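Note sheet for the following structure.
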Amino acid sequence: MVELEKYKWPIIEIAIIIGVLVVMIAIGFAIGILSTDPDGLERAVIDAKGEEWLEGLPSVWTPILGWIENEYVAGIIGILLSVILMMVVFWLILRLKKRENIKN
Amino acid sequence: MHIPDGLLDPVVTILLWIVTIVIMVFGVRKIRALFKDEDSEKLIPYIGVLAATIFAFQFVNYPVPGGTSGHLVGGTLVGVILGPWAAVIVIFLVLIVQSLFGDGGITAIGANTFNMGIIGGIGGFYIVKAIMIVLNKTSMKKENKLAIATGIGAYIAIVLAALACAIEVGISGSIPMSVIVPAMLFWHAIIGIGEGVISALIVWFIYRVKPELITTEEQFGLLKSELMTTEKKSEV
Chain A
0 MVELEKYKWP IIEIAIIIGV LVVMIAIGFA IGILSTDPDG LERAVIDAKG EEWLEGLPSV
60 WTPILGWIEN EYVAGIIGIL LSVILMMVVF WLILRLKKRE NIKN
Chain V
0 MHIPDGLLDP VVTILLWIVT IVIMVFGVRK IRALFKDEDS EKLIPYIGVL AATIFAFQFV
60 NYPVPGGTSG HLVGGTLVGV ILGPWAAVIV IFLVLIVQSL FGDGGITAIG ANTFNMGIIG
120 GIGGFYIVKA IMIVLNKTSM KKENKLAIAT GIGAYIAIVL AALACAIEVG ISGSIPMSVI
180 VPAMLFWHAI IGIGEGVISA LIVWFIYRVK PELITTEEQF GLLKSELMTT EKKSEV
């Protein structure tokens, strides 16, 4: 049984931090301080080969969440997915470590 | 610095996948400091938050002069907080989520993890460790020492990661090495300043507010310097 009391403060702190991140992204988009210019690698590739060449690179798949056009919504979904994926993977690693310790 | 699909040669792509997987498997075995305490489960929600922070900072680009933009990579930042091996796994998982949105190719996750997680995380961690050896000899406050070392380490690691990325693209034959290497180094020498400043500020803040979350304190000699300070005080 999970002891919820033990995780009360970490969960509250996490909720606050995620809230702050979401607000930061919202403010960034709202006041337009975030840039839509290409990043360093894209800039170097565009300068060498052009934007059309970069956009025409072959890909083996279509990104399954690429249809989300609203960057703010994509940001929130991405944050939630990252939190869930990371916690599950590190929880599994922790279980593996504990099992190894018991064996040893 | 997210390499898209199609930019790298299949041989380079597969080779970097193999290197990344080997290092991650080795890393899972090496993660000890992170789970050394009985109640180490408590760390897991914070790892989740760190992932959210890295995702958010990688997702949004800040303007950089010259018609380009930068975003946090975070390898060195995670390396300093959770240790080098955990950093590779964190960056790998964040890159998987980002590839779902089309930010970085799915076949290039191995290469992107190599650049941002292995060079940025493991490389950055050891650069910070080397800087800490020097800074531990000074009387600066611990959080300032760690923040300065992290800032410099993150900057150097991002430039090295950009160099590796450029070499991979050059070897793949997509763009001549003589063109891509100087271009990547030039842009990332500028973009890296943001990486260094953001990483330093986050580490400084965490170390002030919740120092127990910096699980690498001992490896950076911070506990030792604290012990020495206490001993000196008791001698006085």
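Residue numbers (numbering that gives the first Met the number 0), protein chains in the order written: chain A, 0 to 103; chain V, 0 to 235. All residues carry an ideal CB built from backbone N, CA and C; glycine is no exception. Here the structure is a predicted model, which means the values were calculated and not measured.
Check, Outcome
"Option nearest residue 188 of chain V by Cα separation, candidates A:43, A:60, A:85, A:49", "A:43"
"Straight-line gap, residue 253 of chain V to residue 185 of chain V (C-alpha atoms, nearest Å)", "Here chain V covers residues 0 to 235 and nothing more, so residue 253 of chain V does not appear."
"Distance between residue 222 of chain V and residue 138 of chain V (C-alpha atoms, nearest Å)", "14 Å"
"Sufficient close CB pairs (3 or more, under 8 Å) joining the segment 74-82 of chain V to the segment 107-122 of chain V", "yes"
"Beta carbon proximity, residue 236 of chain V to chain A, threshold 8 Å", "There is no way to answer for residue 236 of chain V, as the model of chain V reaches only from 0 to 235."
"Rounded separation between residue 173 of chain V and residue 50 of chain V - CA only", "32 Å"
"Spatial neighbours of residue 62 of chain V in its chain, beta-carbon cut-off 6 Å, leaving aside the 5 residues before and after", "68"
"Closer than 8 Å to chain V by CB, residue 78 of chain A", "yes"
"Test item: CB-CB of residue 195 of chain V and residue 179 of chain V under 8 Å", "no"
"Of the residues V:92, V:85, V:171, V:78, the one placed nearest residue 104 of chain A, counting alpha carbons only", "This structure gives no information on residue 104 of chain A, because the portion of chain A shown stretches from 0 to 103."
"Status (buried if at least 16 other CB within 10 Å, exposed otherwise) for residue 1 of chain V", "buried"
"Terminal residues of the alpha helix (DSSP H) in which residue 69 of chain V lies", "Careful: residue 69 of chain V lies outside any alpha helix (DSSP H), inside the beta strand (DSSP E) at 67-69."
"Under 7 Å by beta carbon: chain A residues contacting residue 161 of chain V", "39"
"Residues from the segment 40-64 of chain A in contact with chain V, defined by Cβ distance under 7 Å", "40, 42, 43, 44, 46, 47, 48, 56, 57, 58, 59, 60, 62, 63, 64"
"Of the listed residues V:167, V:8, V:113, V:202, nearest to residue 242 of chain V (C-alpha basis)", "A question about residue 242 of chain V goes unanswered here, because the residues of chain V that appear run from 0 up to 235."
"Cβ pair residue 46 of chain A, residue 182 of chain V closer than 8 Å", "yes"
"Beta-carbon separation (whole angstroms), residue 47 of chain V vs residue 82 of chain A, contact threshold 8 Å", "4 Å"
"Inter-residue Cα distance where the pair is residue 164 of chain V and residue 49 of chain A", "19 Å"
"Buried versus exposed, by CB contacts within 10 Å (16 or more), residue 209 of chain V", "exposed"
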